[in-house]
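**Q** Below: one structure in structure tokens.
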Amino acid sequence: MTAADAALATALHAGERRALAKAITLVESTRPQDRPWADALLATLAPHTGGAVRLGISGVPGVGKSTFIEALGLYLIARGHRLAVLAVDPSSQRTGGSILGDKTRMELLSREPAAFIRPSPSGGSLGGVASRTRESLLLCEAAGYDVVLVETVGVGQSETAVAGMVDCFLLLQLPNAGDELQALKKGVVELADLIVINKADSNPQAAALAKSQFEVALHLLHPASPNWSVPVLTASALQHQGIGDVWDAVRRFHATLTGSGELATKRAHQSVSWLWTLIGEALQGGFRGHPAVAAALDGVTAAVVAGEITPTAACQRLMTLYRPGR
Ligand code: GDP
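Using the numbering used here, you'd call the opening residue of the sequence shown number -3 and step up by one each time.
Here is the structure:
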């Protein structure tokens, strides 16, 4: 590690925002020559990571995620916390359209010195985006942020990816009858440690009904922890109502799982699972890049598409090219 790299690590650990932003840019870089630098920085800072409450926030577009994050963020900062907000949005592009990319979102929060807001890394596979966000999360912890929120778009597999990197997964829902069934179908509710019916101000009765419907539905699910039953709360992010109760529930969840040892186990499982994701990606990269495999891949794929050979036979043929001895 050069003196400049050590200086970056020191400035980041001292909580300097510009150093954190620079370090995140480095871990997000897709230039191969930046990787050893990023790895060295992460290794240096590793002893300072792990100290934050890692909170995932999901919900369909329009449910009020950014409004909620702003309300929760301002609530936390008023109580002396330092808050980092990250996002996982594999569809995002540098040119716009990404969650957190729009400057008008979280306008008040973004002006707070104790808040650090970073848009989703852009482009690439979900695995790549998620991996870079995990590293950014560690950097935020090393910079002294004691709460890290990770927002997800609320569609597709990004929710599973975010649930796999946070301690507590919070699902925002609308007070519309029927929506909760849709969420149940998608299996997202099974990921949730906490459910919040937002926009309760717009229709308190519907919110109360949705709350009780969720409570019934949750009874049918197998609980992820024997020590935690998923609470369903109502809130209004717009009117800053119910935010304190949500935070109390998050803290209760964290304390419960810390006390039982489940949090340490959960984080360990998440790390091992991340490791295997990376191994899988590295092996696939090596496989695709292998000259004999690369030369045959299009033809074999076309044969599978045409139904001439089965995927199993195609795989064996390619594996023989990859490792001829077998
Ligand atoms: P996101 O797409 O999930 O990030 O949702 P936004 O935070 O952008 O909110 C979508 C719309 O819902 C905006 O017009 C918000 O002002 C509105 N909204 C968010 N939270 C609430 C709430 O608690 N009550 C009401 N009535 N509107 C809300």
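Even glycine gets a Cβ: it sits at the ideal position worked out from N, Cα and C.
1. Quick one: using the 10 Å Cβ neighbour count with 16 as the cut-off for buried, is ASN194 buried or exposed?
2. For ALA111, does the three-state DSSP call read helix, strand or coil?
3. In angstroms, rounded to a whole number, what distance separates the CA positions of PRO222 and THR26?
4. Hey, how far is the Cα of SER87 from the Cα of LEU122?
5. If you count every other CB in all the chains shown that lies within 10 Å of the CB of THR(-2), and 16 or more means buried, which is it?
6. Measuring CB to CB, does VAL84 end up less than 8 Å from VAL144?
7. Ligand 1 heavy atoms versus the CB of VAL59: any closer than 7 Å?
8. Going straight from the alpha carbon of VAL59 to that of ALA299, what length do you get?
9. Can you find a heavy atom of ligand 1 that lies under 7 Å from the Cβ of LYS207?
10. Measure the C-alpha to C-alpha separation of GLN316 and VAL289 and round it to an integer number of angstroms.
11. Which of helix, strand or coil does DSSP assign to ARG50?
12. List the DSSP bridge partners of ILE191.
13. I need the straight-line Cα distance from GLY276 to THR306, nearest angstrom please.
14. Would ALA110 and LEU16 qualify as a contact pair, given that the criterion is a beta-carbon distance under 8 Å?
15. In this structure, what does DSSP give as the bridge partners for GLN237?
16. From this set, PRO171, ALA203, LEU104 and HIS218, which residue's C-alpha is nearest LEU187's C-alpha?
17. Would the segment 64 to 72 count as touching the segment 34 to 46 if we require 3 or more Cβ pairs under 8 Å?
18. How far does the alpha helix (DSSP H) with THR129 in it extend, from its first residue to its last?
19. Identify which residue in ASP1, VAL49 and THR6 has its Cα closest to the Cα of LEU133.
20. Does the segment 150 to 159 come within contact of the segment 194 to 207, defined as at least 3 CB pairs closer than 8 Å?
21. Looking only at its own chain, which residues have a Cβ that is under 7 Å from the Cβ of PHE283, when we skip the five neighbours before and after it?
22. With DSSP run on the structure shown, which of helix, strand or coil describes VAL268?
23. Report yes or no: do the segment 166 to 173 and the segment 74 to 83 share at least 3 C-beta pairs separated by less than 8 Å?
24. Evaluate PRO115 with the Cβ neighbour count: other Cβ atoms within 10 Å of its Cβ, from every protein chain shown; 16 or more gives buried, anything less gives exposed.
25. Here's a check: name, in chain order, each residue in its chain whose Cβ is nearer than 6 Å to the Cβ of CYS136, leaving out the five neighbours to either side.
26. Compute the minimum distance between the beta carbon of LEU194 and the heavy atoms of ligand 1, and state whether it is under 7 Å.
27. So within the segment 281 to 318, which uninterrupted alpha helix (DSSP H) runs reach at least 4 residues, ignoring any that extend past its ends?
**A** Reading from the atomic positions:
1. buried
2. If DSSP states are grouped into helix, strand and coil, ALA111 belongs with the strands.
3. 41 Å
4. Taking the straight line joining both Cα atoms gives about 9 Å.
5. exposed
6. no
7. yes
8. Their Cα atoms are separated by approximately 45 Å.
9. no
10. Looking at the sequence itself, residue 316 is Thr, so the reference to Gln does not match. Using only the alpha carbons, I get a separation of about 9 Å.
11. strand
12. Beta-bridge pairing links ILE191 to LEU167 and VAL228.
13. 22 Å
14. no
15. SER232
16. HIS218
17. no
18. Taken as a continuous stretch (DSSP letters only), the alpha helix (DSSP H) holding THR129 covers 122 to 138.
19. VAL49
20. No contact exists between the segment 150 to 159 and the segment 194 to 207.
21. Hits under 7 Å: VAL289 and TYR318.
22. helix
23. no
24. buried
25. ALA80 and VAL144
26. First, the residue type needs correcting, since residue 194 is Asn and not Leu in the sequence shown. Yes.
27. 287 to 301 and 307 to 318
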